[in-house]
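Residue numbers (this note's numbering), protein chains in the order written: chain A, 6 to 292; chain B, 13 to 229.
Worksheet for the structure shown next.
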Amino acid sequence: MTDAILQIDHLSKQYPGFRLDDVSFSIPKGSIMGLIGENGAGKSTTIKAILDLIKKDGGHVSFWGQELSSSKQIKEDIGVVFDGINFYETLTPAKIGKISESAYMQWNKKSYQDFLNRFQLPANKEIKSFSKGMKTKLCIAAALSHSPKLLILDEATSGLDPVMRDDILDVFLEFVQDESHSILMSSHISTDLEKVADYITFIHQGKVLFCKSKDELKYRYGIIRCKTELFHTIDQSEILACRKDDYQWNVLVADKEYAKRKYRTAVVDDATIDDILLLYVKGDYKA
Amino acid sequence: MKSLILKDFYNISHNAKSMFLILLVFAVAFLPTSGVQGYIFTCAILCSMMIVTTFSFDEHSNWPLYAMVMPVSKKDIVAGKYFVLFAFSLIGIIFGLVVGTAGNVIAESFSRPPEEIASISPLLSALLALSFSTVFGSISIPLAIRFGTEKGRILVLASFFIPAGICYAAYRLLTALGINITEDFITALLYASPIPALLWNYIMYKLSCALFLKKEL
Numbered sequence: 006m007t008d009a010i011l012q013i014d015h016l017s018k019q020y021p022g023f024r025l026d027d028v029s030f031s032i033p034k035g036s037i038m039g040l041i042g043e044n045g046a047g048k049s050t051t052i053k054a055i056l057d058l059i060k061k062d063g064g065h066v067s068f069w070g071q072e073l074s075s076s077k078q079i080k081e082d083i084g085v086v087f088d089g090i091n092f093y094e095t096l097t098p099a100k101i102g103k104i105s106e107s108a109y110m111q112w113n114k115k116s117y118q119d120f121l122n123r124f125q126l127p128a129n130k131e132i133k134s135f136s137k138g139m140k141t142k143l144c145i146a147a148a149l150s151h152s153p154k155l156l157i158l159d160e161a162t163s164g165l166d167p168v169m170r171d172d173i174l175d176v177f178l179e180f181v182q183d184e185s186h187s188i189l190m191s192s193h194i195s196t197d198l199e200k201v202a203d204y205i206t207f208i209h210q211g212k213v214l215f216c217k218s219k220d221e222l223k224y225r226y227g228i229i230r231c232k233t234e235l236f237h238t239i240d241q242s243e244i245l246a247c248r249k250d251d252y253q254w255n256v257l258v259a260d261k262e263y264a265k266r267k268y269r270t271a272v273v274d275d276a277t278i279d280d281i282l283l284l285y286v287k288g289d290y291k292a
Numbered sequence: 013m014k015s016l017i018l019k020d021f022y023n024i025s026h027n028a029k030s031m032f033l034i035l036l037v038f039a040v041a042f043l044p045t046s047g048v049q050g051y052i053f054t055c056a057i058l059c060s061m062m063i064v065t066t067f068s069f070d071e072h073s074n075w076p077l078y079a080m081v082m083p084v085s086k087k088d089i090v091a092g093k094y095f096v097l098f099a100f101s102l103i104g105i106i107f108g109l110v111v112g113t114a115g116n117v118i119a120e121s122f123s124r125p126p127e128e129i130a131s132i133s134p135l136l137s138a139l140l141a142l143s144f145s146t147v148f149g150s151i152s153i154p155l156a157i158r159f160g161t162e163k164g165r166i167l168v169l170a171s172f173f174i175p176a177g178i179c180y181a182a183y184r185l186l187t188a189l190g191i192n193i194t195e196d197f198i199t200a201l202l203y204a205s206p207i208p209a210l211l212w213n214y215i216m217y218k219l220s221c222a223l224f225l226k227k228e229l
């Protein structure tokens, strides 16, 4: 991937009982990168390491070719939304606007007000009375109002109802209409990523299993559903991951059309991101 | 750093009413016996202790995580806390001075504080209160960073004995060296108290920075 806004190389971090191991990927301009994996896979740790919130044991992270610590300007260009609001509950959106205005040189008061209006957030109401969706929208409004070029979202849409999630995903799609903008979005809600992501990075047990374009996963990956006899005839080099159900084998392959031609008696289905995730997490895969 | 200070003031403004009410109750309780001088001290110390409350709010909302993605450094965050501590102490002193002076007029009609307290000028008392309250408060900042507010609060109470212990040790040392501690000498020491207080705050700031730099969010 050329023209990377964010480049992550060989990131590692050791905790007792968990290791983030050699994580590498990059995000090109104008794209949305979905970071997917089961709970505890290392998505949040990756994001924290990227943002220098935890000390890396190894690896290198660069934004626009520069390290985060090299300039405060880089932080001006990054908007971050975590899962949950990071302001005390007695604050109001108006006060949060004033706090943010003092923090960011690039703060755009009008843009913030427009977002509050668009998301129907009362400016002078304490946020303790807000629903989770309203709090998320407020965080997104604050993150977008200092004109960032990169948006980093850590489980920002989790816990929201489908309508609210759809509204928010539309905002993200609008954001990347500007081709100098990108989004890194961690989520375990695969349907959200299927809707908006251009690339998917799949993390499992602290390791990146793959980083591929969503279209490749959607249009090329497939799942062979077959009986044990047929399963044993499948070329091992073609199997990405497999899992045995009660009655059949589910085999993830990288080229479903090729598989359809080669294994004519087998059923070859399209693979959703959920299917891929389940096969990697609950099945066997080639490391 | 302005954003960090503003955030603490907005957060604490919710508690300000109850704090001022407590200080008014204390005015009734302390003015007749301790005078304006003692009351200024009480207000300054109580207000400086609110710095721990700001840490509690930060912990509750996981603020440091968000603060670190803003264009501020960890040193800015620590410096912001020391500035807020100074501001809280100053607010306490001004409140104590104004309410204490006004209340003293009423209190004097039925009770007077002891002569040795009354002889200290309110302005010297304010200066001392600023030094002592910032010294006490400054200890709570590294403790809250290192141990969190739950454990930190208990340690803060214990830590109030540290400056007292240092003062006592200094007194013993001066006596052992044969230095005669006269009233003038004590007055001079009191007037000079902002200098050791400033030094102490600087050491605590450096310690807090070192602890916060190590901390993972």
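Every residue gets a Cβ at the ideal spot worked out from N, C-alpha and C, and that includes glycine.
Query raised in the report: Are the stretch 33-41 of chain A and the stretch 200-210 of chain A in contact at 8 Å, needing three or more beta carbon pairs?
Result: yes
Report task. Sort out for me which residues DSSP pairs residue 245 (chain A) with in a bridge. Result -> Locating residue 245 (chain A) in the first sequence gives position 240, where the first residue counts as 1. In the DSSP output, where bridge partners are listed per residue, residue 245 (chain A) has none listed.
Query raised in the report: Using a Cβ-Cβ cut-off of 7 Å (strictly less than) and excluding sequence neighbours within five positions of residue 128 (chain A), which residues of its own chain qualify?
Result: Looking up residue 128 (chain A) in the first sequence gives position 123. Correct list, in chain order: 97, 98, 99 and 121.
Query - residue 129 (chain A) - containing alpha helix (DSSP H), residue span - result: If you number the first sequence from 1, residue 129 (chain A) lands on position 124. That residue, residue 129 (chain A), is in no alpha helix (DSSP H); it is neither H nor E in DSSP.
Requested in this report: Would you mind stating whether residue 152 (chain B) and residue 164 (chain B) have Cβ atoms separated by less than 8 Å?
Outcome: In the second sequence, counting from the first residue as 1, residue 152 (chain B) sits at position 140. In the second sequence, counting from the first residue as 1, residue 164 (chain B) sits at position 152. Yes; because the gap between Cβ atoms is below 8 Å, this pair is in contact.
**Report entry** Three-way DSSP call (helix, strand, coil) for residue 43 (chain B) in this model
**Finding:** Mapped onto the second sequence, residue 43 (chain B) falls at position 31. DSSP places residue 43 (chain B) in helix when its eight states are reduced to three.
**Report entry** C-alpha gap between residue 56 (chain A) and residue 87 (chain A), whole angstroms
**Finding:** If you number the first sequence from 1, residue 56 (chain A) lands on position 51. If you number the first sequence from 1, residue 87 (chain A) lands on position 82. Going by the C-alpha atoms only, they are around 12 Å apart.
Query raised in the report: Excluding sequence positions up to five away, which residues of its chain have a Cβ less than 7 Å from the Cβ of residue 23 (chain B)?
Result: Here residue 23 (chain B) refers to the residue found at position 11 of the second sequence. Here the set comprises 66 and 69.
Query raised in the report: Are the C-beta atoms of residue 75 (chain B) and some chain A residue less than 8 Å apart?
Result: Taking the first residue of the second sequence as position 1, residue 75 (chain B) is located at position 63. True, the Cβ-Cβ gap to chain A drops below 8 Å.
Query raised in the report: When we look at the beta-carbon of residue 83 (chain B) and count the other beta-carbons within 10 Å, is it buried (16 or more) or exposed?
Result: Position 71 of the second sequence, counted from the start, is the residue given in the question as residue 83 (chain B). When all chains shown are included, residue 83 (chain B) counts as buried.
Requested in this report: For residue 203 (chain A), name the three-state secondary structure that DSSP assigns.
Outcome: What you label residue 203 (chain A) is simply residue 198 of the first sequence in a count that begins at 1. It is coil, neither helix nor strand.
Query raised in the report: Where does the unbroken beta strand (DSSP E) through residue 212 (chain A) begin, and where does it stop?
Result: Indexing the first sequence from 1 puts residue 212 (chain A) at position 207. First-last of the beta strand (DSSP E) with residue 212 (chain A): 212-218.
Query raised in the report: Can you tell me whether DSSP reads residue 170 (chain A) as helix, strand or coil?
Result: Counting from 1 along the first sequence, the entry for residue 170 (chain A) is found at position 165. Looking at residue 170 (chain A) - three-state DSSP - the assignment turns out to be helix.
Query raised in the report: Comparing the C-beta of residue 380 (chain A) with each C-beta of chain B, is any distance below 8 Å?
Result: Residue numbering for chain A in the displayed model covers 6 to 292; residue 380 (chain A) lies beyond these limits and cannot be assessed.
Report task. Return no unless some Cβ of chain A is closer than 8 Å to the Cβ of residue 93 (chain B). Result -> Counted from its first residue, the second sequence places residue 93 (chain B) at position 81. No, its Cβ sits nowhere closer than 8 Å to a Cβ of chain A.
**Report entry** Coarse secondary structure for residue 222 (chain B), derived from DSSP in three states
**Finding:** One-based indexing of the second sequence puts residue 222 (chain B) at position 210. Assigned with DSSP and collapsed to three states, residue 222 (chain B) falls in helix.
Report task. Identify the contact partners of residue 229 (chain B) in chain A, using a Cβ-Cβ distance below 8 Å as the criterion. Result -> As a first step, residue 229 (chain B) must be located in the second sequence, where it is residue number 217. Correct list: 53, 58 and 59.
Query raised in the report: When burial is assigned at 16 or more other CB atoms within 10 Å of the CB, is residue 86 (chain B) buried or exposed?
Result: Working through the second sequence from its first residue, we reach residue 86 (chain B) at position 74. It counts as buried.
Query raised in the report: Can you check whether the CB of residue 147 (chain B) is closer than 8 Å to the CB of residue 209 (chain B)?
Result: Counting from 1 along the second sequence, the entry for residue 209 (chain B) is found at position 197. Counting from 1 along the second sequence, the entry for residue 147 (chain B) is found at position 135. Going by C-beta atoms, residue 209 (chain B) is nearer than 8 Å to residue 147 (chain B).
Requested in this report: Output yes if chain A places a C-beta closer than 8 Å to the C-beta of residue 15 (chain B); else output no.
Outcome: Walking along the second sequence from the start, residue 15 (chain B) turns up at place 3. Any Cβ of chain A closer than 8 Å to the Cβ of residue 15 (chain B) would place that residue at the interface, and such an atom is present.
**Report entry** Presumed contact (8 Å Cβ cut-off) between residue 156 (chain A) and residue 148 (chain A), rounded CB distance
**Finding:** Translated into the one-based positions of the first sequence, residue 156 (chain A) becomes position 151. Translated into the one-based positions of the first sequence, residue 148 (chain A) becomes position 143. With a Cβ gap of about 6 Å, residue 156 (chain A) and residue 148 (chain A) count as contacting.
**Report entry** chain B residues whose Cβ lies nearer than 7 Å to that of residue 262 (chain A)
**Finding:** Position 257 of the first sequence, counted from the first residue, corresponds to residue 262 (chain A). In chain order: nothing, as chain B lies at least about 44 Å away.
Query raised in the report: Using 8 Å as the limit for Cβ to Cβ distance, is residue 103 (chain A) near chain B?
Result: As a first step, residue 103 (chain A) must be located in the first sequence, where it is residue number 98. At least one chain B Cβ lies under 8 Å of residue 103 (chain A).
Requested in this report: From the DSSP output, in three-state form, read off residue 152 (chain B) for me.
Outcome: Reading the second sequence from its first residue, position 140 is the one you call residue 152 (chain B). It is helical.
Query raised in the report: Are the C-beta of residue 108 (chain A) and some C-beta of chain B separated by less than 8 Å?
Result: In the first sequence, residue 108 (chain A) corresponds to position 103, counting from 1. By this cut-off, residue 108 (chain A) is an interface position.
Query raised in the report: Hey, does residue 117 (chain A) have any beta-carbon neighbour from chain B nearer than 8 Å?
Result: Counted from its first residue, the first sequence places residue 117 (chain A) at position 112. By this cut-off, residue 117 (chain A) is not an interface position.
Query raised in the report: How is residue 85 (chain A) classed by DSSP in three states: helix, strand or coil?
Result: Counted from its first residue, the first sequence places residue 85 (chain A) at position 80. The answer is strand: DSSP assigns residue 85 (chain A) an E or B state.
Query raised in the report: Beta-carbon separation of residue 113 (chain B) and residue 40 (chain B) under 8 Å?
Result: By one-based count along the second sequence, residue 113 (chain B) stands at place 101. By one-based count along the second sequence, residue 40 (chain B) stands at place 28. No, these two residues do not count as a Cβ contact at 8 Å.
Query raised in the report: What does residue 23 (chain B) reach in chain A if we use C-beta pairs closer than 8 Å?
Result: As a position in the second sequence, residue 23 (chain B) is number 11, starting the count at 1. Per Cβ cutoff of 8 Å: 93, 95 and 96.
Query - Length of the line joining the Cα atoms of residue 140 (chain A) and residue 124 (chain A) - result: Against the first sequence, residue 140 (chain A) aligns to sequence position 135. Against the first sequence, residue 124 (chain A) aligns to sequence position 119. Approximately 10 Å, taken between the alpha carbons.
Query raised in the report: Are the beta-carbon atoms of residue 186 (chain A) and residue 35 (chain A) separated by less than 8 Å?
Result: Position 181 of the first sequence holds residue 186 (chain A). Position 30 of the first sequence holds residue 35 (chain A). Contact flag set, yes.
**Report entry** Beta-carbon contacts of residue 15 (chain B) that lie in its chain and below 8 Å, excluding the five residues immediately before and after
**Finding:** Locating residue 15 (chain B) in the second sequence gives position 3, counting from the first residue. Closer than 8 Å at the Cβ level, and outside the excluded window around residue 15 (chain B), lie 82 and 84.
Query - Proximity winner among A:131, A:201, A:211 and A:261, relative to residue 229 (chain A) (alpha-carbon distances) - result: Your numbering for residue 229 (chain A) matches position 224 in the first sequence. Nearest option by C-alpha distance: A:261.
Query raised in the report: Near residue 235 (chain A), what residues of its chain come up, given a Cβ to Cβ distance below 7 Å and the 5 sequence neighbours on each side ignored?
Result: Here residue 235 (chain A) is taken as the residue at index 230 of the first sequence, counted from 1. Excluding residues within five positions, the ones whose Cβ falls inside 7 Å are 268, 270 and 271.
Query - Coil, strand or helix - residue 185 (chain A) by DSSP - result: Residue mapping note: residue 185 (chain A) aligns to position 180 of the first sequence, counting from 1. Coil, per DSSP.
Requested in this report: Count the CB pairs spanning the stretch 89-100 of chain B and the stretch 56-66 of chain B that are closer than 8 Å, and state whether there are at least three.
Outcome: With the rule of 3 Cβ pairs closer than 8 Å, the stretch 89-100 of chain B counts as touching the stretch 56-66 of chain B.
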